[in-house]
Every structure is written in structure tokens, then in C-alpha cells.
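Encoded as C-alpha cells, the structure appears first; notes follow it.
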Amino acid sequence: MDIEMYDVIILGSGPAGLTAALYTARANKKTLVLGGPTLGGQMATIAKLENYPGWHGDGMALAEFMKSQATSFGATVVSASARSVDGDAESGFNVAADDGKNYVGKTVIFATGASPRKLEIEGARELMGHGVSYCATCDGFFYYGKDVIVMGGGNAALNDALYLADVAKSVKIIYRKGAFTRAEAVLRNRVAERKNIECLFNTDLKRVAAVPDSDKIVVTTLDDKQIETDGLFVAIGHEANTDYLDEGVRRDEMGRLIPSELPAGTFVAGDVHSDIQMQPQLAPDAVRR
Ligand SMILES: Cc1cc2nc3c(=O)[nH]c(=O)nc-3n(C[C@H](O)[C@H](O)[C@H](O)COP(=O)(O)OP(=O)(O)OC[C@H]3O[C@@H](n4cnc5c(N)ncnc54)[C@H](O)[C@@H]3O)c2cc1C
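Going by my numbering, the sequence shown opens with residue 326, and the numbers climb by one from there.
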């Protein structure tokens, strides 16, 4: 049986993977995108994208648009995840996927991005999907008119809090530091203006538990204060998605891939790249409203 050989196999369908696909397909390279669990990646979870030039709308719609741009030049996008990658540039790379198929490519681009860092406190794992969530735009709807907590203090946490403030009755932000120094000024200002958002600084959690005979949960802070709430949304950073690669492949301290450590014929793009350049954070007084 003839095995279909792609010029490029791209792992991931976030902005990095779909951008790479647009370029390789447009350069007439036979391109396959293994999209993974989420078409659009993190972008798809952003309810209101307003700082991407030329686009003002929800992230999922932009993901669909990027996908259609890539496929219009001949890229194939498959919703499957890579389980392993073997081979070399001479004989080709073999990507085993969770749809039971093996895909072969002359080159591979790793663009598998990052996933939310999980909260490692007592009760968090058991209550995931039952009061503990990692996606405000996916689950926020269930908390209409209710009280919620957002844990974290970066852009993602403040974005989540603002989104939830439109849906929930009240939002408490729990942050272990004394101020939102890692978040953009425009988001900090909006949070400060929202009457139904309360910020609890210098606070961290040690436990979350279900409240018996109710849908509520209760969180316990490090200083043993208990707060009852309907939902806990966790936004405490991200970890690179590289589980499908051998443990022998060297990563940086955040689990991201280092291009010089990868075999010839493989490339890295986006948040899974060790040398990622994050968007610049403007100093607070650099933003005039
Ligand atoms: C709430 C929020 C707000 C943000 N706001 C901004 C902003 O204002 N400006 C900005 O620049 N950035 C922002 N970001 C960050 C931005 O979304 C990311 O930097 C960007 O999505 C990274 O793109 P990526 O393609 O590298 O990875 P990701 O978006 O993480 O996509 C990874 C892709 O890999 C796939 N995948 C995972 N595992 C596998 C596997 N084994 N096989 C195949 N595919 C796999 C996933 O399905 C996904 O499609 C925000 C993020 C969040 C969560």
C-alpha cells in the first residue's frame, strides 16, 4: 500500500500552526495539520479579541477564518492529536495519531502550544468540571447570576474576570501577589471600574471542597479563611504541550522545545518554542485612556 507522504506535517492548529500552514501550503508544499484537541488553540477560548489588528470579535471565529485561509491553498486539517513522532529527515518522519492512523512527512513543525497549568491543591482535581474550571468562556454560562472566584493575576485571569463579570452576579479575584503587575494596564483599569469585581491580594488557596447537599464549593485560603462560592476559575499560567515526544528530547524549564536540540527537518513555532517573545507589557503610565 502506498503511504501518502506530506512535505510538511504541522502539529497544532493554534495561531502558530495555522499561520505555518498558510505559508507552507501557499508555497505549494503538501501540508497536513494535525489540529489536536482544540481548533484554534488558546485563541479559541478568548471571548473578545480586540488587540489583533484587523479583527474584532470572538477568537473561535478567527480560528475558523485562519483555517479556511490555510485550506484555501490546499492544506488539509485533521482533528487528531499526535501520540508520537519517530524517524528522520532522510527516511521521513512518522507521526502516530490518536485517530489510529500514521502520517508521514518530510518535515514536521511542532506548534502544539500550551495548556492551562493545573491547580495542585487538595480537592482541585476531583472537582474539575464540578465547580472548578480552566475555561471561563467555555463554562462561564453555567454561572449566570451566581458568585464565582477567579484565581490568578495575569492577562488571562483579568480577561476571565471581566468576561465572568458580565455573566455572574459577583467575581472575586484571588491573587497571591500584592498587585496585578503582570497584567496590561487596560485590563487592570477595567477590573478596577467593575463594581461586581472584588480583588483579594496576597491571598492563596490550599483547599477546595464541595459543600454537602448543594452545588456550591468552598475554598480555604492559606490563612484558613473559608469562602463559599459557586465556581472557581483557575488562570495561573500555562505549560507547554510536549507529552507526545520522548522524554529524551530536551526541553527548557517550562517544558518548551529548544530548536537546537531537535532533529534536522523539524521546526518549532509559537508558545511551545523555548525562545517565545511575549507581547510587550506597557508600563502603567504608558497607557492613556
Ligand atoms: C484568555 C487568553 C487571552 C490571551 N490574550 C492574548 C493577547 O491579547 N495577545 C496575545 O498576543 N496573546 C494572547 N494570548 C496568548 C495566545 O492565545 C497564545 O500566545 C497563542 O494562542 C499561542 O499560539 P500557539 O499556536 O503557539 O499555541 P496554542 O494556541 O496553545 O495552540 C496549540 C494547538 O496545539 C494543539 N495540540 C496540543 N497537543 C497536540 C498534539 N499532541 N497533537 C496535535 N496538536 C496538539 C491544540 O489543539 C492547539 O490547536 C491569550 C491567551 C489566553 C488564554
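Think of the CB as a built atom: it goes at the ideal place given N, C-alpha and C, for glycine as much as any other residue.
Original post:
Roughly how many angstroms separate the alpha carbons of Val618 and Glu445, rounded to a whole number?
Top reply: Past the edges of the chain, shown from 326 to 614, lies residue 618, and the structure says nothing about it.
Subject >> 8 Å Cβ cutoff met for Ala439 and Glu564 >> reply: In contact: Ala439 and Glu564 (Cβ atoms closer than 8 Å).
Original post:
Among Ala436, Arg575, Ile334 and Thr591, which residue has its Cα nearest to the Cα of Ile601?
Top reply: If we check each option's Cα against that of Ile601, Ala436 comes out closest.
Subject >> For Gly339 and Ala388, the rounded distance between their alpha carbons >> reply: A direct Cα-to-Cα measurement between Ala388 and Gly339 gives close to 7 Å.
**OP:** Could you say which of Gly479, Asn353 and His455 lies nearest to Leu557 if we only look at CA atoms?
**Re:** Relative to the Cα of Leu557, the nearest Cα in the group Gly479, Asn353 and His455 belongs to His455.
Original post:
What span of residues does the alpha helix (DSSP H) with Thr394 cover, start to end?
Top reply: One point to set straight first is that residue 394 is Gln, not Thr, in the sequence displayed. For Gln394, the enclosing alpha helix (DSSP H) begins and ends at Gly384 to Ser397.
Original post:
Are Ile434 and Ala589 closer than 8 Å when you measure CB to CB?
Top reply: No, the pair does not count as a contact, with Cβ atoms beyond the cut-off.
Original post:
Comparing the CB of Asp674 with every heavy atom of ligand 1, is any distance shorter than 7 Å?
Top reply: There is simply no residue 674 to check, as the chain begins at 326 and stops at 614 in what is shown.
**OP:** Count the other CB atoms, across all protein chains shown, that sit within 10 Å of the CB of Thr506; report buried if there are 16 or more and exposed otherwise.
**Re:** By the neighbour-count rule (16 or more Cβ atoms within 10 Å), Thr506 is not buried but exposed.
Original post:
What whole-angstrom Cβ distance do Gly417 and Gly430 have, given they're in contact under 8 Å?
Top reply: For Gly417 against Gly430, the beta-carbon gap comes to about 6 Å, under 8 Å, which counts as contact.
**OP:** Let me know if Cys524 comes out buried or exposed under the rule of 16 or more other beta-carbons within 10 Å of its beta-carbon.
**Re:** Buried, by the Cβ-count rule.
Original post:
CA-CA distance, Pro378 and Thr528?
Top reply: The alpha-carbon of Pro378 is positioned some 36 Å away from that of Thr528.
Original post:
At what residue ranges does the segment 517-571 contain a whole run of the beta strand (DSSP E), taking only runs of 3 or more?
Top reply: Unbroken beta strand (DSSP E) stretches of 3 residues or longer found wholly inside the segment 517-571: 522-525, 530-535, 542-546, 551-554, 556-559 and 563-565, given in chain order.
Subject >> Environment of Arg581 [buried if 16+ CB atoms lie within 10 Å] >> reply: Buried, because 16 or more other Cβ atoms sit within 10 Å of the Cβ of Arg581.
Original post:
With 16 other CB atoms within 10 Å as the buried threshold, where does Asn484 fall?
Top reply: Buried, by the Cβ-count rule.
Original post:
Tyr626 by DSSP, collapsed to three states: which one?
Top reply: Examination of residue 626 is not possible in this model, given that the chain is present from 326 through 614 alone.
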